[in-house]
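Working notes, structure below.
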Amino acid sequence: MSDAHALEHHEPVTSTGIPSKKVLMWAFLGSDCMFFGTLISTHLIYRKISGTVGGNALDIRDIFDIELTSFSTFILLASSLFMALAVSAIHKGNLNSTRWMLFGTIIFGSIFLACQVYEFTHFVHGKENASGDREHQLTLKAYAGESEEPGKDAELKPHVFGSTFYVLTGTHGTHVAIGVFWLLGWLVYSFTGKMSPADAMDIECCGLYWHFVDIVWIIIFPVVYLMEYAF
Amino acid sequence: MSGHAEDTLEEESKRFFTFFNLSMALVAITGLEIVIIYVQTFDGATIIATLFATSIVKFIGVVWWFMHLKWDKFLNTVLFLMGLVIALATYFAVIYMADVHPEVEKFEVTELKQEWAAGAEYSKGDYVLYEGSYYKSKEDHKAPEECSLDSWEKVQGIPHRIAWKINVADLVEINSKSPANPFFHLDLPKEQENIDESEVFLLTQSATTEDFRIKVRSEAYWTENQ
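Chains A and B are the protein sequences, given in the same order.
Under our numbering, the first sequence is numbered contiguously, ending at residue 231.
Under our numbering, the second sequence is numbered contiguously, ending at residue 457.
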């Protein structure tokens, strides 16, 4: 039915009858699927290997803040509803509603990003224990015991879990940030008075991207976070 | 407005309820996932299977309704599935192309109950039981006829020999199942093939092989003997 909208608004279509922009967006999302598939696979495979850091056992549950991550997951799911309603509103030609729904998506997307920044900051700095030392830090390198060479500082070794975790969730966060800027562009555009139902296909493509970011998080949340609590 | 446009308006209005219901369902399923983790009633495999199933349901829900695949041409679904199938194939290929699965060929925990004996040859590090206490030899020596503790030091705990033989591994974890008899040993073998090692450890209580667990890793594979 959305393709029929496009035809009505004289969107250029491919020989398949699907608007070119939409074909391009779905092809891009298919390739992005492979990209995230690789990152998630890498994390899962190395998660099995990186149970320890230089011989020191590591409990990821001491690092994670599952309440915060659960909250940001609900926020991202809610943002997807706003986005779907924004697409629906522009198809109906209701510009005021489109504007509000875009605004809602931007706000919820920004809250998600703020949660991620807060989370990363706390993971890197860890928690302070009773003696004032920092512990439960998640960085790209980790303390792996005394250096074998006398006189040298404590040895830091690459921490596989930290690396794959930050690359995966950071890449997703970057996608969210790009989505927020894209939506922000549409929100600003809506105030110029030029926005019309003819822009429905462009906003729908933006919506496809936003929902894709949501489904990636639907996989990341249980696989990267919740699974740590399964055993 | 054309008749087609009016149809569109009506359909879009109907979709509002679809989107709202879907959103509520997604929130409810995510809530369920978190509750499952919090209550910890189920075993790990059940939790993972449930998380896997709920994720698929949520994934399909968003793609099918929010992303309009239900109403779009089938080609869009094909384009997306191509990427998804390749992503999944990559994961399984990496998993199955990896190395040999590790196997624990032998795992034994034996309490050392050897009594001190006059005239016996002892090496440094040997343990003996003498008058209800355990002693460790400080040096290589031959025991005299009359017992002397000069070459021995008394130890706290009960010595146990733990032996393991594994075909291939880069990490070995051994731990006690009993909290009253705590023990954890981590080994990163330098030679990762045909590992045949044994060590003596002091334990709080007497134990047998059944009281211990060995967990072995080789690349991405874990093997566990309960």
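Here a beta-carbon is modelled for each residue, glycine too, at the ideal position from N, C-alpha and C.
Residue of the options minimising C-alpha distance to residue i
i              : options                           : result
R47 (chain A)  : A:F161, A:H175 and A:H91          : A:F161
H391 (chain B) : B:E370, B:F415 and B:F432         : B:F432
V266 (chain B) : A:T14, A:I66 and A:L39            : A:I66
W302 (chain B) : B:Y366, B:E243 and B:I397         : B:E243
A78 (chain A)  : A:D32, A:I106, A:F120 and A:S88   : A:I106
K355 (chain B) : B:D371, B:A348 and B:E342         : B:D371
V224 (chain A) : A:V124, A:A114, A:T42 and A:F212  : A:T42
I60 (chain A)  : A:V216, A:G126 and A:T16          : A:G126
D427 (chain B) : B:N456, B:E336 and B:R444         : B:E336
F74 (chain A)  : B:L343, B:L434, B:I317 and B:L263 : B:L263
I326 (chain B) : A:L102, A:Y118, A:T38 and A:S80   : A:T38
I220 (chain A) : B:F247, B:F273 and B:L282         : B:L282
P413 (chain B) : B:L434, B:G388, B:E404 and B:V309 : B:L434
L168 (chain A) : A:D199, A:S31, A:I40 and A:L138   : A:I40
S31 (chain A)  : B:V309, B:F290, B:L380 and B:I279 : B:V309
N307 (chain B) : B:A318, B:A349 and B:V294         : B:V294
Y452 (chain B) : A:A86, A:I45 and A:G17            : A:I45
Rounded separation between residue i and residue j - CA only
i              : j              : result
Q116 (chain A) : G173 (chain A) : 7 Å
G314 (chain B) : G275 (chain B) : 30 Å
L257 (chain B) : E450 (chain B) : 36 Å
P197 (chain A) : F251 (chain B) : 22 Å
Y353 (chain B) : L417 (chain B) : 28 Å
G170 (chain A) : E228 (chain A) : 19 Å
V386 (chain B) : Q271 (chain B) : 41 Å
F415 (chain B) : E424 (chain B) : 22 Å
W296 (chain B) : L208 (chain A) : 11 Å
E422 (chain B) : V399 (chain B) : 9 Å
M201 (chain A) : T14 (chain A)  : 14 Å
M25 (chain A)  : D133 (chain A) : 49 Å
G363 (chain B) : A411 (chain B) : 21 Å
R448 (chain B) : E404 (chain B) : 9 Å
K367 (chain B) : I445 (chain B) : 26 Å
V176 (chain A) : I279 (chain B) : 27 Å
Interface flag, residue i vs chain B, CB-CB below 9 Å
i              : result
K22 (chain A)  : yes
Y229 (chain A) : yes
K92 (chain A)  : yes
F64 (chain A)  : no
V167 (chain A) : no
F161 (chain A) : no
I207 (chain A) : Sequence check: residue 207 (chain A) is Gly here, not Ile. Yes, because at least one Cβ of chain B sits closer than 9 Å to the Cβ of G207 (chain A).
N32 (chain A)  : This sequence places Asp at residue 32 (chain A); Asn is not what is there. At least one chain B Cβ lies under 9 Å of D32 (chain A).
T16 (chain A)  : yes
L226 (chain A) : yes
S232 (chain A) : Here chain A covers residues 1 to 231 and nothing more, so residue 232 (chain A) does not appear.
V223 (chain A) : yes
is_contact[residue i, chain A] using C-beta, thresh 9 Å
i              : result
D246 (chain B) : According to the sequence provided, residue 246 (chain B) is Arg. The question's Asp does not apply to it. Yes - at least one Cβ of chain A is within 9 Å of the one on R246 (chain B).
E243 (chain B) : yes
W296 (chain B) : yes
Y358 (chain B) : no
I278 (chain B) : yes
E264 (chain B) : yes
F290 (chain B) : yes
V258 (chain B) : yes
H332 (chain B) : no
Y322 (chain B) : yes
E455 (chain B) : no
A351 (chain B) : no
K421 (chain B) : no
H299 (chain B) : yes
T439 (chain B) : no
V431 (chain B) : no
Beta-carbon gap between residue i and residue j smaller than 9 Å
i              : j              : result
D442 (chain B) : L419 (chain B) : no
F112 (chain A) : F82 (chain A)  : no
I393 (chain B) : V340 (chain B) : yes
K21 (chain A)  : C205 (chain A) : yes
F338 (chain B) : K396 (chain B) : yes
E119 (chain A) : L76 (chain A)  : no
P333 (chain B) : T454 (chain B) : yes
Residue i CB to nearest heavy atom of the ligand COA below 8 Å
i              : result
A200 (chain A) : Ligands in the displayed structure: none, and consequently the ligand COA is not present.
Residue burial classification, residue i (beta-carbon count within 10 angstroms, cutoff 16)
i              : result
M255 (chain B) : exposed
P19 (chain A)  : buried
G55 (chain A)  : Any reading at G55 (chain A) needs caution, since the residue's pLDDT is 47, under 50, leaving its predicted position unreliable; the model's value is listed next. G55 (chain A) is exposed by the Cβ-count criterion.
F191 (chain A) : exposed
S88 (chain A)  : buried
E253 (chain B) : Checking the sequence, you will find Leu at residue 253 (chain B) rather than Glu. It is buried - the Cβ of L253 (chain B) has at least 16 other Cβ atoms within 10 Å.
T277 (chain B) : exposed
G179 (chain A) : buried
Y269 (chain B) : exposed
G185 (chain A) : exposed
D214 (chain A) : buried
Interface flag, residue i vs chain C, CB-CB below 9 Å
i              : result
V399 (chain B) : The structure shown contains no chain C; its protein chains are A and B.
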